[in-house]
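Chains as they are written, first to last, in our numbering: chain A, 61 to 376; chain B, 1143 to 1417.
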Amino acid sequence: MSHPALMSRREALLAGAGVLWSLAATTRSRAEPGALVTEAVAPGIHIRRGVDEDASAANGDAIANIGFIVGRNAVAVMDPGGSLSDGQRLRARIREVTQLPIRFVVLSHVHPDHIFGAGAFEQDRPEFIGHARLPNALAQRGEYYRRGLESVLGKGKAGPVVVPTRLIADRGQIDLGDRILLLTAHPVAHSDCDLSVFDPSSATLLAADLLFVERVPSLDGRLKGWQAALTSLKTVAASRAVPGHGPVSVDWPSGARDLDRYLDVLLRETRAAVKRGMEISAAVASVGLSERGKWKLFDDYQGHNVTQAFKEVEWE
Amino acid sequence: MGIIRALLMPVALALSAGWTLNAAHAADSPDREEAERADRWKELQHALFGDRQIQDGSAWLGIDAPARALDAALVPVSLTVRGDKAIKGIYLVIDNNPGPLAGHFVFGPQGDPHSLKLRVRVNAYTYLHAVAETRDNQLFSAARFVKAAGGCSAPAGADEQQALQDIGHIKVRLMKPFAPGKTMEAQLMIRHPNFNGMQMNQTTRLYTPAMFIRTIDVSYNGAPVMHLDSDISLSSDPVISFGFIPPQKGQLKVLVRDTKDSTFGQSFDVPAPAG
């Protein structure tokens, strides 16, 4: 194996379960992404679409949908981005749009593609807001992720592990002036520390990785918990949602249809495999294949998702 | 076993230090890597079995695992014995793990050695070796190469707290209908985080203290089926499939002991009660 130049996102975010970091070898590119482009999905809500790839030096780990919300008095960021430079570019983009102070940075969960840009906002002295379980998750994985990311992006390029200064155990609020954002800390779902944001003024739900569209979901929490989180999010009075991966905006709740189907197939077929006494390795090779072709990066994540689901279901 | 781990400590430290070692290894030529792996196995043979000769058992001893692991902390391994050699026990060695001897199974009179399955952590690209010991004290081996890395030092999964809550919960599934005197396959599931002492809490800079399963004893109506000496390489929430031969209806008893000397035991009716 040659020098590990690429840390795939699945390896980064699933490293908690112990996936190989230096899996693929690829040519390291010096090219970094240019200026960050955002789209206004609703008045004052600007989202950058992440690329549907795994982290690489070429994409600077700019692979998640990230963005910011502008109110009358202040700006809230969610999420800050996948690397220090991703965060810096997001900050530069904010300054093209507004000079209002950046008072809040929401860290939607522990995965590196969403939060390693936080260091770019330390100069603004914002509140860094996270799920009550985020500090523990960062304690376990933060440095591990940072080193893995550095091995892909280059020394000093990952960014620091930024610990939240305000924790949400259940619900919380952010006041941007004429705009109140409602925060919800979810039970274990996509990860064990998912935080979603709802902006009632524009009926927009920022779901982060509780919502995957087009890019295959990755399970690092609890399958049945994720389904429950989606059920609860569908009761939110949003007309659109911003997924953590995929298009910058989808109709809500119909935009969850594909994810619902995927999780349902995963649960149903994994249960059937366990019931038949199938080994985990056989299940990995057979569960959910009807979903192949419906998702980008399916083959890169499916085996791990089945493994996670299997571990959960076999104890039922 | 303590001695072996002490011998290999430098390897453990290097591996837990991170990815750089893999990258360094990567520069080596395939031939040299292969030679290093052969040397490694020679050292391990000596450490584990002294001067005893190990014959090639690959004609009847099987070891299977995915060539490339999807999850290095949960690599399914299957050990099979074909034919009717009288087998006393089977060792599973993960050459490049910090504690290379992942497990030593010893079969009792009610045990059936023909099929074992377990899940292990794999810390680096490595050979896995199965070494079977016959009742007349001969050793036979078979090998399998696995590409996986980081399974030992990877941080704990999202459900760690849940795992601690449920520690010691044991389930047994019988995978075949009961027939007196015929082999039954049982799947044993144990809730245990199996902390191997290599997961660091990055805030405190302390390693989560090791706390892992040391031994598992399975008996049938009081007669031994299987004894396992295990080590830090067993996955969290271990799942082990094994065969046993029930002469009549009875009880399968499982006793688990961990490094804290906590014991967890449970008995299961065979055949399983209806419903």
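Every residue, glycine too, gets a C-beta built ideally from N, C-alpha and C.
#### Entry: Cβ separation of V135 (chain A) and T98 (chain A), assumed to be a contact under 8 angstroms, to the nearest whole Å
Between T98 (chain A) and V135 (chain A) the Cβ distance is about 12 angstroms, and since that is not below 8 angstroms, they are no contact.
### Message
Can you tell me whether Y322 (chain A) is helix, strand or coil according to DSSP?
### Response
helix
### Proximal residues to A333 (chain A) (C-beta, below 8 angstroms), its chain only, five neighbours per side dropped
A342, A343, S346, V347 and F370
### Query
Is the Cβ of M1353 (chain B) closer than 7 angstroms to any Cβ of chain A?
no
### Message
Count Cβ pairs between the region 116-134 of chain A and the region 290-310 of chain A that sit closer than 8 angstroms; are there 3 or more?
### Response
yes
### Query
K1259 (chain B) touches chain A at which residues, Cβ-Cβ below 7 angstroms?
E339
#### Entry: Below-7 angstroms beta-carbon distance, M1326 (chain B) vs any chain A residue
no
#### Entry: Check whether I1290 (chain B) and V1264 (chain B) have beta carbons under 7 angstroms apart
Reading off the sequence, residue 1290 (chain B) comes out as Ala, not Ile. Closer than 7 angstroms, so yes.
### Query
To which residues of the same chain is G1241 (chain B) closer than 7 angstroms at the C-beta, ignoring the five residues directly before and after it?
R1147, D1373, I1374 and S1375
### Message
Per the DSSP calculation, M1326 (chain B) is bridged to which residue(s)?
### Response
B:F1386
### Task
Within the region 256-341 of chain A, note down every full alpha helix (DSSP H) run reaching 4 residues or more, in order along the chain.
283-293 and 317-335
### Query
So what does DSSP say about P195 (chain A), is it helix, strand or coil?
helix
### Query
Distance, Cα to Cα, D320 (chain A) vs G1192 (chain B)?
57 angstroms
### Task
Kindly list the residues whose CB is nearer than 7 angstroms to the CB of L144 (chain A), restricted to its own chain and excluding five residues on each side of it in sequence; keep chain order.
F176, G177, G179, A180, K217, A218 and G219
### Query
Taking buried to mean at least 16 other C-beta atoms within 10 Å of its own C-beta, is P1335 (chain B) buried or exposed?
buried
### Task
Could you check if R149 (chain A) is buried or exposed, using at least 16 other CB atoms within 10 Å of its CB as the buried criterion?
buried
### Message
Can you tell me whether Q1393 (chain B) is buried or exposed? The criterion is at least 16 other CB atoms within 10 Å of its CB, across all chains shown.
### Response
exposed
### Query
Nearest CA to the CA of I189 (chain A): which residue from A:L198, A:G285 and A:L255?
A:L255
### Query
Is the CB of D1213 (chain B) under 7 angstroms away from at least one CB in chain A?
yes
### Task
Provide the residue(s) that pair with V166 (chain A) in DSSP beta bridges, ordered along the chain.
A:M138 and A:I189
### Task
Note the first and the last residue of the continuous alpha helix (DSSP H) segment covering A1244 (chain B).
Looking at the DSSP string, A1244 (chain B) is not in any alpha helix (DSSP H); the run it does join, the beta strand (DSSP E), is L1243 to F1249.
#### Entry: Test: F358 (chain A) CB closer than 7 angstroms to a CB of chain B
no
### Query
Among B:P1388, B:V1217 and B:H1311, which has the Cα closest to the Cα of P1322 (chain B)?
B:P1388
#### Entry: Burial state of L349 (chain A) (16 or more Cβ within 10 Å)
exposed
### Cα-Cα separation between M1353 (chain B) and R108 (chain A), rounded to whole angstroms
44 angstroms
### Task
Please look up how many angstroms separate the CB atoms of Y361 (chain A) and S278 (chain A), rounded, as I've assumed it's under 8 angstroms.
5 angstroms
### Query
Within 10 angstroms of its Cβ, does K1402 (chain B) collect 16 or more other Cβ (buried), or is it exposed?
exposed
### Query
Are the region 352-366 of chain A and the region 262-279 of chain A touching by the rule of at least three beta carbon pairs closer than 8 angstroms?
yes
### Query
What three-state label does DSSP hand A229 (chain A) in the structure shown?
coil
### Proximity test, Cβ basis, 7 angstroms: T330 (chain A) and chain B
no
### Query
Whose CA, out of B:A1209, B:D1237, B:S1171 and B:R1399, lies closest to the CA of K1424 (chain B)?
Residue 1424 (chain B) cannot be examined here, being either before or after the span of chain B that is shown, 1143 to 1417.
### For E210 (chain A), the nearest candidate out of A:R336, A:A115 and A:V248 (CA to CA)
A:A115
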